[in-house]
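S.K.:
In mature numbering (1 follows the signal peptide of the UniProt record, and there is no 0), the protein residues as written are -21 to -1, 1 to 230.
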C-alpha cells in the first residue's frame, strides 16, 4: 500500500482546558503525541533550538527523514533545507531586523504539510525566541525567567516555564496557590485564573501580566510592555492568540 504522505493535523481554535494537565509536562513543539512513522503519517517539523551564527541565525529540529523543511513568513520569504536520514535538519536564516513569525512546512515528493506551530523571533534574535501553538504553551528557546510565557485566547490564561532540577514549582495566580511538578526537560504549565493586570507569582517572583492587547490588522502584533513582549499572532484557522514573554531586567 502506498504510504500516505499528507500529515493529518488536529488542532483547536482556542485554548483547551483538557489539553494541559496541571502536573503534566507540555509537549514538545510538534512531535508530542505524533503517530509512529510506520503508521502512514508524515512528521511535520519540530523546531528544537536556535542559535546565532555569522550573518544570521541557525534553526535546528526534526522532521520526516529525507523531507524538505521550509520556514515561510506571511510576506512570502522562505528558508529551506533537507532533513537527513534520521530526520534532523538545520536551516540558516538571515537575522530579521525586527519581529519574524515563520510557518514550518514539510515537503515529501509532490505533497506538502504545514505544521500547526509557529516560530517567533523577536528583535532579530536578540529578544525572546519561542515556538507558538494554539492550545499549547509557548516553548521558549531563549534564556527566560521563572515564568516563561502566558498564552491567552482572551478567555483563559495558560502560564508556563522551565526550571532546573526536579523540585515542584509554586505558582500563585488569581489568589490561588498551586504546586506543579515539572516534566521532562524541566518544563511545566497550568491554566491559571488570572485576569489582565493581575500579578502572577512563580517561586516567589512577581510578574505583572498585562493581558491581551487590542487586536489590529495583520498576522503579527508586537510591543514591549510590563517587563516583557506582548505578541498578538494568528494561528491556523485564523485563530487570534496572545502570548506574553517576560524577560529579565536588561534584556
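The beta-carbon is built from N, C-alpha and C at its ideal position, and this holds for glycine as well.
For a quick check, are the C-beta atoms of residue 109 and residue 119 less than 8 Å apart?
M.R.: Yes, the pair counts as a contact, with Cβ atoms nearer than the cut-off.
S.K.: Between the C-alpha atoms of residue 70 and residue 51, what's the straight-line distance to the nearest angstrom?
M.R.: Computed Cα separation, rounded: 12 Å.
S.K.: Determine the extent of the beta strand (DSSP E) in which residue 69 is found, giving its start and end residues.
M.R.: From DSSP, the beta strand (DSSP E) with residue 69 extends over 67 to 73.
S.K.: Report the residue from 105, 117, 56 and 207 whose alpha carbon sits nearest the alpha carbon of residue 214.
M.R.: For residue 214, the nearest C-alpha among the options comes from 117.
S.K.: For residue 197, count neighbouring C-beta atoms within 10 Å of its own C-beta (all shown protein chains included) and say buried if the count is 16 or more, exposed if not.
M.R.: The residue is exposed, with fewer than 16 neighbouring Cβ atoms inside 10 Å.
S.K.: Taking residue 228 as part of the beta strand (DSSP E), name the residues at either end of that continuous run.
M.R.: Looking at the DSSP string, residue 228 is not in any beta strand (DSSP E), and its letter there is neither H nor E.
S.K.: Would DSSP call residue 91 helix, strand or coil?
M.R.: Here residue 91 sits in strand by DSSP.
S.K.: Is residue 56 helix, strand or coil by DSSP?
M.R.: Coil at residue 56, not helix or strand.
S.K.: If I measure Cβ to Cβ from residue 181 and keep anything under 6 Å in the same chain, skipping five residues before and after, which residues do I get?
M.R.: Here the set comprises 125, 126 and 150.
S.K.: Counting beta carbon pairs with one atom in the stretch 81 to 89 and one in the stretch 21 to 36, are three or more of them shorter than 8 Å?
M.R.: Touching, per the Cβ criterion.
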